[in-house]
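Chains as they are written, first to last, in our numbering: chain P, 1 to 280; chain Z, 1001 to 1330; chain Y, 2001 to 2268.
The structure appears below as structure tokens.
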Amino acid sequence: MFATMIRPLFKNKKFIVGISIFLFFLMLGILGPVLYRVSPTKMTWDYEQPPSAKYPLGTDTYGRDVLAQLLHGIRSSLYIGFLAAIISLSIGTVVGSLAAVKRGIVDDTLMAITNIVLTTPSILIAILIASYLRIRSMEVVAVILGLFQWPWFARAIRAQLMSVMSREYVYLSIMAGYSDMRLVIEDLLPTIATYAFMSFVLFINGGIMGEAGLSLIGLGPTRGISLGLMLQWAVLMEAVRRGLWWWFVPPGVAIVALTASLMVISTTMDEVFNPRLREE
Amino acid sequence: MNEVLMRIENAKAYYKLEKVSVRAVDGVSFEIFEDEVIGVVGESGCGKTTLSNLISMNILKPLTLVEGKVFMKIDGKFEEISSMSREEVKKKLWGKEITIVPQSAMNALMPTIRMAKYVEHLAQSHELNGKELLQKAEKRFEEVGLNPLWLKRYPFELSGGMRQRAVIAIATILNPKLLIADEPTSALDVVNQKVFLKVLMQLKRMGVVRSIIFITHDIATVRQIADRIIVMYAGKIVEISTMEKILQRPLHPYTKGLFNSVLTPEPEVRRRGISVIPGTPPNLINPPSGCRFHPRCPHVMEVCKEREPELREVEEGSKVACFLYSEERT
Amino acid sequence: MSRLVVENLTKIFTLGFFSRKRIEAVKNVSFEVKEGEIVSLVGESGSGKTTTAKMILRLIPPTSGRIIFEGKDIWKDLKDHESIKDFRRKVHAVFQDPFASYNPFYPVERTLWQAINLLEKKPSNKKEALELIKESLVRVGIDPKDVLGKYPHQISGGQKQRIMIARCWILRPFLIVADEPTSMIDASSRGGIIQLLEELRKEQGTSIIFITHDLGLAYYVSDNIFVMKDGEIVERGHPDKVVLEPTHEYSKVLVESIPKLYRKLEGL
Chain P
1 MFATMIRPLF
11 KNKKFIVGIS
21 IFLFFLMLGI
31 LGPVLYRVSP
41 TKMTWDYEQP
51 PSAKYPLGTD
61 TYGRDVLAQL
71 LHGIRSSLYI
81 GFLAAIISLS
91 IGTVVGSLAA
101 VKRGIVDDTL
111 MAITNIVLTT
121 PSILIAILIA
131 SYLRIRSMEV
141 VAVILGLFQW
151 PWFARAIRAQ
161 LMSVMSREYV
171 YLSIMAGYSD
181 MRLVIEDLLP
191 TIATYAFMSF
201 VLFINGGIMG
211 EAGLSLIGLG
221 PTRGISLGLM
231 LQWAVLMEAV
241 RRGLWWWFVP
251 PGVAIVALTA
261 SLMVISTTMD
271 EVFNPRLREE
Chain Z
1001 MNEVLMRIEN
1011 AKAYYKLEKV
1021 SVRAVDGVSF
1031 EIFEDEVIGV
1041 VGESGCGKTT
1051 LSNLISMNIL
1061 KPLTLVEGKV
1071 FMKIDGKFEE
1081 ISSMSREEVK
1091 KKLWGKEITI
1101 VPQSAMNALM
1111 PTIRMAKYVE
1121 HLAQSHELNG
1131 KELLQKAEKR
1141 FEEVGLNPLW
1151 LKRYPFELSG
1161 GMRQRAVIAI
1171 ATILNPKLLI
1181 ADEPTSALDV
1191 VNQKVFLKVL
1201 MQLKRMGVVR
1211 SIIFITHDIA
1221 TVRQIADRII
1231 VMYAGKIVEI
1241 STMEKILQRP
1251 LHPYTKGLFN
1261 SVLTPEPEVR
1271 RRGISVIPGT
1281 PPNLINPPSG
1291 CRFHPRCPHV
1301 MEVCKEREPE
1311 LREVEEGSKV
1321 ACFLYSEERT
Chain Y
2001 MSRLVVENLT
2011 KIFTLGFFSR
2021 KRIEAVKNVS
2031 FEVKEGEIVS
2041 LVGESGSGKT
2051 TTAKMILRLI
2061 PPTSGRIIFE
2071 GKDIWKDLKD
2081 HESIKDFRRK
2091 VHAVFQDPFA
2101 SYNPFYPVER
2111 TLWQAINLLE
2121 KKPSNKKEAL
2131 ELIKESLVRV
2141 GIDPKDVLGK
2151 YPHQISGGQK
2161 QRIMIARCWI
2171 LRPFLIVADE
2181 PTSMIDASSR
2191 GGIIQLLEEL
2201 RKEQGTSIIF
2211 ITHDLGLAYY
2221 VSDNIFVMKD
2231 GEIVERGHPD
2241 KVVLEPTHEY
2251 SKVLVESIPK
2261 LYRKLEGL
């Protein structure tokens, strides 16, 4: 069944383009730093050098290798994105399914909290929390971002589960003596799985964008290097005005390409993963 | 016999899709007389809704009239309405000559528009005096048992049964000759169904509408009001007959099966039992050869598989498309 | 012998957290189903008939009252997993919507495998089980190769409903709750479903509860009819009594307004 679900995806040209771009950057992030063994933070006297044989993408004001920064930056941005997505997905799934299964007062309370988080301007709260913390690791940034992405997902999961649980096939599985666990795994999860996966993709996207946003205003991770931090340095040193294109173009392109590929993946999945629209 | 109001000649209306055509109405000919109620029955997917679109000339892509003509008597002479442009149809036919009452009033009326607004629209599109028309609408509302003041209300403020009556009142303001009702009662409970049928017959008695086509899957309902009945199967007419005749002696094997599967709370039904037609209706992209009912027919003969039976008169007022009633049977 | 006894069954739904709203879906409903008997609960939507069915099927708990099946209160006396499983084996259902009865992620025979796994005496190997599945399909008039391996959207509504009955045929339950089993399928397939259910009764003495809005269907199939209105049973008895001499105002209007085939309604 799983294979028959996945196959139509790979017949979709848009999906193939999206997943190829994403996998390319994923590989860059995973293998790049291993293969290109140059420290992204080591300062040298070769500052603000345009691309050359020695520095394929040039250097920044402190003489740091831009290619090394880019490869490590992609790695960290993806790491933050994934981590934030896992956090959002977990909170959303737990809140949504608890509300749907328990109903009554649990549902009312959880949905009230969800609505509050949903309606607060999340980026402002994230800025507040981030500026309150003196030292911010990648993980802390991911948690801050993850804490504000889940509400709409929780609501969607709740709605989907509630509609699925009143379908006759769920009753028939219950009447076949299924345990709650088996019911969840066989009947409930598949219905929300595709939706959850699509949301996961969007959450990664949100994480990458969020990190870039926070970093750009100086509230990103205080250690390490990320695509957002690269941009922040470039902005601080007025790289744009001074025409140091090799410094700000690569991280910019990487962010745009990554987020665009994720958007394409999730929208094409939306098109393909509708059991009703699927033929034969 | 009354005079002919509308004549449909060998009409074929297909849904032309990218690769295939769905032959929803495939070679249908019949007449609608003045002053009659004609029922069209059949199961879902037999083409009866397409037939209603065809009669009302509501033909929108992908539905295409492939072949055949539709004539209607307008101001005493026959005009070929199937050759009219959509603009002409809207101006000359809809509302004035032909009107439709659809299955769900909720689909027909926008919930955010007061019902009086529809009357205004009607006046505008037919270049009539809005005020006069509104007065007419108020009178018509009273006639169908609704408070005329309710014209000022939004559709969602009325119950389902009242809404359906509001639709019929608005649809008949211009005294159209032909009223097409497509499953108008299937969304209503039995009490409101009865009220609706009553209103329908009252409008006909008052001469507001001349003839009614009642399209439904519910034979017991159409039986209450229809003079004649058309039975459709897989895009074709298999039998046309008067209501009384078809009840006493249905001719086509499909008609028999269909009528004998109707369950109503009557002792006759308990005595008669329920019949089963084996199999399922064919799809209309690749219908079976010959008679389209032959794979399910209990009386199937060789000729049924090869040739299509013609719809021909076998008794006075009864037409049937079946080789059991023709000389070709071997 | 009584197979199922329903005593003073009541279900109240409460909605909302801050402004509590009480909805009495089922009020003080009592009836009895004998062995091999077909009864019908007739009512419009909102009359509480489906809620009653769900309580009998042990899908939602009643607010008060008792449902006694084979001498045991199904909500109080069935405690351990085994006795509940035994109840599931003996009481089964066919639902209204053939499309919603199948999980679109699995092939249609999943529903039959579920039945096989529920059996007390399971077939000894997979091959025998498959034979049993095929036999059940043939029994309900379906060629196994037309449906095995297919997904729900690839087969017709009538076929889906027949497979549901094949599931009942494998289980051979004592009681089947049929919730509008024919209302969403075509007229020509309807008779077949009803006949199959009647055959189950004849062969195995299965009791059947029809949940329906269609008094015509109820009149045709049942030994006993219970007419429900706003959560209460307002009229009960033999079909002839209910249809030909109704006593309650509601059932009078109902019987009067239903269009008949062999006579015309009055006052049209």
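Where is the CB? At the ideal position from N, CA and C, for every residue including glycine.
None of these values were measured; they are calculated from a predicted model.
Proximity test, Cβ basis, 8 Å: residue i and chain Z
{"i": "Asp-2179/Y", "result": "no"}
{"i": "Leu-2197/Y", "result": "no"}
{"i": "Lys-2241/Y", "result": "no"}
{"i": "Ala-2187/Y", "result": "yes"}
{"i": "Val-2140/Y", "result": "no"}
Same chain, Cβ closer than 8 Å to residue i, neighbours up to 5 away in sequence not counted
{"i": "Phe-22/P", "result": "Leu-258, Ser-261, Leu-262, Ile-265"}
{"i": "Arg-155/P", "result": "Gly-96, Met-111, Thr-114, Leu-118"}
{"i": "Arg-2190/Y", "result": "Thr-2182"}
Residue-level contact to chain Y via CB, residue i, 8 Å cutoff
{"i": "Glu-1043/Z", "result": "yes"}
{"i": "Glu-1143/Z", "result": "no"}
{"i": "Glu-1183/Z", "result": "no"}
{"i": "Tyr-47/P", "result": "no"}
{"i": "Asp-187/P", "result": "yes"}
{"i": "Leu-172/P", "result": "yes"}
{"i": "Ala-176/P", "result": "yes"}
{"i": "Pro-190/P", "result": "yes"}
{"i": "Ala-1169/Z", "result": "no"}
{"i": "Tyr-169/P", "result": "yes"}
Minimum Cβ-Cβ distance from residue i to chain P less than 8 Å
{"i": "Lys-2085/Y", "result": "yes"}
{"i": "Ser-2101/Y", "result": "yes"}
{"i": "His-2092/Y", "result": "yes"}
{"i": "Ser-2175/Y", "result": "Position check: residue 2175/Y holds Leu in this sequence, whereas Ser was assumed. No, because no Cβ of chain P sits closer than 8 Å to the Cβ of Leu-2175/Y."}
Beta-bridge pairing of residue i - partner residues as DSSP gives them
{"i": "Glu-2237/Y", "result": "This sequence places Gly at residue 2237/Y; Glu is not what is there. Gly-2237/Y is bridged to Ile-2225/Y."}
{"i": "Thr-1242/Z", "result": "Arg-1228/Z"}
{"i": "His-2092/Y", "result": "Ile-2176/Y"}
{"i": "Lys-1077/Z", "result": "Ile-1074/Z"}
{"i": "Gly-1039/Z", "result": "Phe-1214/Z, Ile-1229/Z"}
{"i": "Glu-1031/Z", "result": "Arg-1007/Z"}
{"i": "Glu-2007/Y", "result": "Arg-2066/Y"}
{"i": "Tyr-132/P", "result": "Bridge partners of Tyr-132/P: none, in fact."}
{"i": "Trp-1094/Z", "result": "Ile-1098/Z"}
{"i": "Ile-2012/Y", "result": "Glu-2024/Y"}
{"i": "Asp-2073/Y", "result": "Ile-2068/Y"}
8 Å Cβ cutoff met for residue i and residue j
{"i": "Phe-2174/Y", "j": "Val-2091/Y", "result": "yes"}
{"i": "Ser-1085/Z", "j": "Leu-1065/Z", "result": "no"}
{"i": "Thr-1050/Z", "j": "Val-1020/Z", "result": "no"}
{"i": "Ile-2067/Y", "j": "Ile-2060/Y", "result": "no"}
{"i": "Gly-220/P", "j": "Ile-123/P", "result": "no"}
{"i": "Leu-1146/Z", "j": "Lys-1073/Z", "result": "no"}
{"i": "Ala-1137/Z", "j": "Asn-1129/Z", "result": "no"}
{"i": "Leu-31/P", "j": "Ile-74/P", "result": "no"}
{"i": "Leu-2261/Y", "j": "Glu-1266/Z", "result": "yes"}
{"i": "Ile-157/P", "j": "Thr-93/P", "result": "yes"}
{"i": "Arg-1163/Z", "j": "Leu-1109/Z", "result": "yes"}
{"i": "Ser-1241/Z", "j": "Gly-1257/Z", "result": "no"}
Contact set for residue i: own chain, Cβ-Cβ below 6 Å, skip 5 residues either direction
{"i": "Ala-1171/Z", "result": "Thr-1099, Val-1101"}
{"i": "Pro-8/P", "result": "Val-272"}
{"i": "Glu-1120/Z", "result": "Gly-1130"}
{"i": "Ala-254/P", "result": "Ile-74, Leu-227"}
{"i": "Phe-2069/Y", "result": "Leu-2004"}
Close-in-space but distant-in-sequence residues of the same chain around residue i (CB under 7 Å, 5 per side omitted)
{"i": "Tyr-1015/Z", "result": "Ser-1021, Val-1022, Ala-1024, Pro-1062, Leu-1063"}
{"i": "Glu-2024/Y", "result": "Ile-2012, Gly-2231"}
{"i": "Ala-1226/Z", "result": "Val-1037, Ile-1038, Gly-1039, Phe-1214, Met-1243"}
heavy atom of the ligand GTP below 7 Å from residue i C-beta
{"i": "Tyr-1325/Z", "result": "Looking at this structure, you won't find the ligand GTP or any other ligand, since it has none at all."}
At what residue ranges does the stretch 2022-2069 of chain Y contain a whole run of the beta strand (DSSP E), taking only runs of 3 or more?
2038-2042, 2064-2069
Ignoring anything shorter than 4 residues or poking outside the stretch 141-187 of chain P, list the alpha helix (DSSP H) runs there in chain order.
Along the stretch 141-187 of chain P, the alpha helix (DSSP H) occurs as fully enclosed runs of 4 or more residues at 151-165, 168-175, 180-183, listed in sequence order.
Runs of alpha helix (DSSP H) wholly within the stretch 2113-2151 of chain Y (minimum 4 residues, chain order)
Those alpha helix (DSSP H) runs which fall completely within the stretch 2113-2151 of chain Y and span 4+ residues are 2126-2139, 2144-2147.
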